[in-house]
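Engineer: Sharing a structure, written as structure tokens. Questions coming.
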Amino acid sequence: MDNLLVICVDRDNDLGRKTGIKGPVVGREANFEAAGALALADPSEADANCMFAAVKKFDELAKTMKSVEIATLTGYGKGGFASDRAINQQLDLVLEKVKPSGFVLVTNGAEDDQIIPILQGRGRIVSKETVIVKQAQEIESAFFTIKETIKDPYVARILFGIPGILLLLFFLFGDTSFQIVAFLLGIYLLLKGFGIEEPILNLSRSITGSINPQSPSFPLYIGSIFILAFGAMTAYSKYGTMQITDLLLDAVTIAQSTYLFIALAALSTVVGKCIDAVHFRRAFQLRRYVLTGVSALLFWWIVDAATLVLLRLADLNLFLMTVLGSFVVLLVAFKLSNVLDVKGRVTKLLVDLPVYSNEGTWIGKVAVINKKKESISYTDNKTKKPVEVSREKFSVANGKITLSG
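Just so you know, we're using the numbering used here here: the sequence shown kicks off at 23 and counts up by one.
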């Protein structure tokens, strides 16, 4: 490693908000002055200490390394997608000037550590240092423990979610709300007991985490949320019009009214994921998303057939034929989706993918593909010249191309 880049991250942009200094801040003197300005603007600001620590790390490395540079990247607002996008853009600007063979990351906490996947997409992180500001240790430790415990999804659901649901239901339905709570709690315990809760939560996180007004798939994700809401309303209406005679069969009947809504919400989400994969040049994910969509529809088909058998509206032969038909459909889907697999072929889907050396250093990105020669051409970061590589000399995995020699 003869060329390192020391990186400090201010993900919530305290530097910009409190001093007016915009990122990226490149160079030792610029970072030292920016850190001093931030410390003067807010002496309690932890990001100022982090920037000083990055300058110190730069000075230490400069004594032994041939070439070292330092840069501070700033995010936007309270973090999230907007911050990651701003950091990505600033990192690209820095990498146009500096061609590092590795990164040295200096952060002041878990939030700024979220830049790690962004850096790993550009090269290797050879060192990481976390700066901890010394304060009243017992108070800080207790506060951190409480804060992290509340962040736990399971604790948050119990501590805030359940009381919130109870208050809302009591406000909307009065005494009837206790029956609704019993029903919802029963559904939750069933999902928890049979291990269905986590997949549903993952689906909801996938939907909410992908909602971005600047994404072309934004309407589809919003539609998925409303489709699920319509399903819940349909189930409640079904419950209100039924006379409960057989608890199990009536519960299955109510649940059946939501199957189509759940399947449509899943399908809408998958279509949105496919659109995002094409738009943001992550085509290597297309095959997985397509198979996920097919599996969601087949799951609905099988569960609906099983429900009909349970309600004595169909015989067991229907369920067995449904399972067999689902197997055949999924097998065909696996075969047909091979056209979307970029791992073994030279296709236009490889354009703009990052190219790495066999040592893990980012060296450029794919500019042109040649199907006849079964080769790709990438623009070298150092020489700015195109380099052609034949198919047998590179591999494709996890959205990046790695040269074999």
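Backbone N, C-alpha and C fix where the C-beta goes; we use that ideal spot for every residue, glycine too.
(1) Hey, Leu-27 and Pro-122: beta-carbon distance below 8 Å or not?
(2) Apart from the five residues on each side of it in sequence, which residues of its chain come closer than 7 Å, Cβ to Cβ, to Met-255?
(3) Assign Ser-66 to one of two classes, buried (16 or more other C-beta atoms within 10 Å of its C-beta) or exposed (fewer than that).
(4) Could you check the C-alpha separation between Ile-209 and Glu-220 for me, to the nearest Å?
(5) Could you check the C-alpha separation between Glu-51 and Leu-188 for me, to the nearest Å?
(6) On a CA-only basis, which of Lys-404, Val-418, Ser-397, Lys-422 is nearest Glu-410? Give me that one, please.
(7) Could you give the first and the last residue of the continuous beta strand (DSSP E) run that contains Thr-505?
(8) In this structure, how does DSSP classify Gly-49 when only helix, strand and coil are distinguished?
(9) For a test of the three-state rule: what should DSSP assign to Glu-396, helix, strand or coil?
(10) Looking at Gly-294: is its Cβ nearer than 8 Å to the Cβ of Ser-239?
(11) Is Gly-186 helix, strand or coil by DSSP?
(12) Between the beta-carbon of Thr-96 and the beta-carbon of Ala-76, is there less than 8 Å?
(13) Go through its chain and collect everything with a Cβ distance to Ile-324's Cβ below 7 Å, but skip five positions before and after it.
(14) By how many angstroms is the C-alpha of Tyr-261 removed from the C-alpha of Ile-276?
(15) Do the stretch 44-64 and the stretch 75-92 touch if we need at least three Cβ pairs shorter than 8 Å?
(16) Which residue comes first and which comes last in the beta strand (DSSP E) that contains Gly-102?
(17) Is it true that the CB of Leu-206 sits closer than 8 Å to the CB of Ile-249?
(18) Give the secondary structure of Asn-25 by DSSP, where H, G and I count as helix, E and B as strand, and everything else as coil.
(19) How about Leu-459 and Val-351: are their beta carbons less than 8 Å apart?
(20) What are the uninterrupted segments assigned as beta strand (DSSP E) that are 3 or more residues long and contained completely in the stretch 326-360, given in chain order?
(21) Going by the CB atoms, is the gap between Ala-57 and Phe-74 shorter than 8 Å?
(22) Considering only their Cβ atoms, is the gap separating Asp-326 from Tyr-281 smaller than 8 Å?
(23) In angstroms, rounded to a whole number, what distance separates the CA positions of Asp-106 and Leu-141?
(24) For a minimum of 4 consecutive residues, which ranges assigned as the alpha helix (DSSP H) are wholly contained in the stretch 253-277?
(25) Which of the three DSSP states, helix, strand or coil, is assigned to Pro-235?
(26) Could you check where the alpha helix (DSSP H) with Thr-41 kicks off and where it finishes?
(27) What would DSSP say about Pro-241, mapped onto helix, strand or coil?
(28) Just verifying my parser: in three-state terms, what is the DSSP assignment at Pro-221?
(29) Who does Glu-67 pair with in a DSSP beta bridge?
(30) For Phe-125, name the three-state secondary structure that DSSP assigns.
(31) Taking Lys-404 as the reference, which of Lys-387, Lys-395, Ser-412 has the closest Cα?
(32) Taking a contact to mean a Cβ-Cβ separation below 8 Å, would you say Val-126 touches Ser-149 in this structure?
(33) Please report how far the alpha carbon of Val-128 lies from the alpha carbon of Tyr-98, in whole angstroms.
(34) How about Leu-37 and Asp-69: do their beta carbons lie closer than 8 Å?
(35) In this structure, does DSSP put Phe-80 in helix, strand or coil?
(36) Expressed to the nearest angstrom, what Euclidean distance is found between the alpha-carbon atoms of Ser-290 and Glu-82?
Structural biologist: Walking through what the data contain:
(1) Closer than 8 Å, so yes.
(2) none
(3) exposed
(4) 14 Å
(5) 57 Å
(6) Ser-397
(7) Residue 505 lies beyond the residue range present for the chain, which begins at 23 and ends at 427; the question has no answer from this structure.
(8) Of the three classes helix, strand and coil, the one that applies to Gly-49 here is coil, per DSSP.
(9) Reduced to three states, the DSSP call for Glu-396 is coil.
(10) yes
(11) DSSP, reduced to helix, strand and coil, places Gly-186 within a helical segment of the structure shown.
(12) no
(13) Thr-344, Val-345, Ser-348
(14) Going from the Cα of Ile-276 to the Cα of Tyr-261 covers about 6 Å.
(15) yes
(16) Taken as a continuous stretch (DSSP letters only), Gly-102 belongs to no beta strand (DSSP E), as it is neither H nor E.
(17) no
(18) strand
(19) Here the chain comprises residues numbered 23 to 427, so residue 459 is not present and cannot be evaluated.
(20) Counting only runs of 3 or more residues that sit fully inside the stretch 326-360, no beta strand (DSSP E) segment turns up.
(21) yes
(22) yes
(23) 11 Å
(24) none
(25) coil
(26) Boundaries of the alpha helix (DSSP H) harbouring Thr-41: 36-41, taken from the DSSP string.
(27) Helix.
(28) Reduced to three states, the DSSP call for Pro-221 is helix.
(29) None, per the DSSP bridge assignment.
(30) strand
(31) Lys-387
(32) yes
(33) 19 Å
(34) yes
(35) helix
(36) Spanning the two alpha carbons is a distance of roughly 52 Å.
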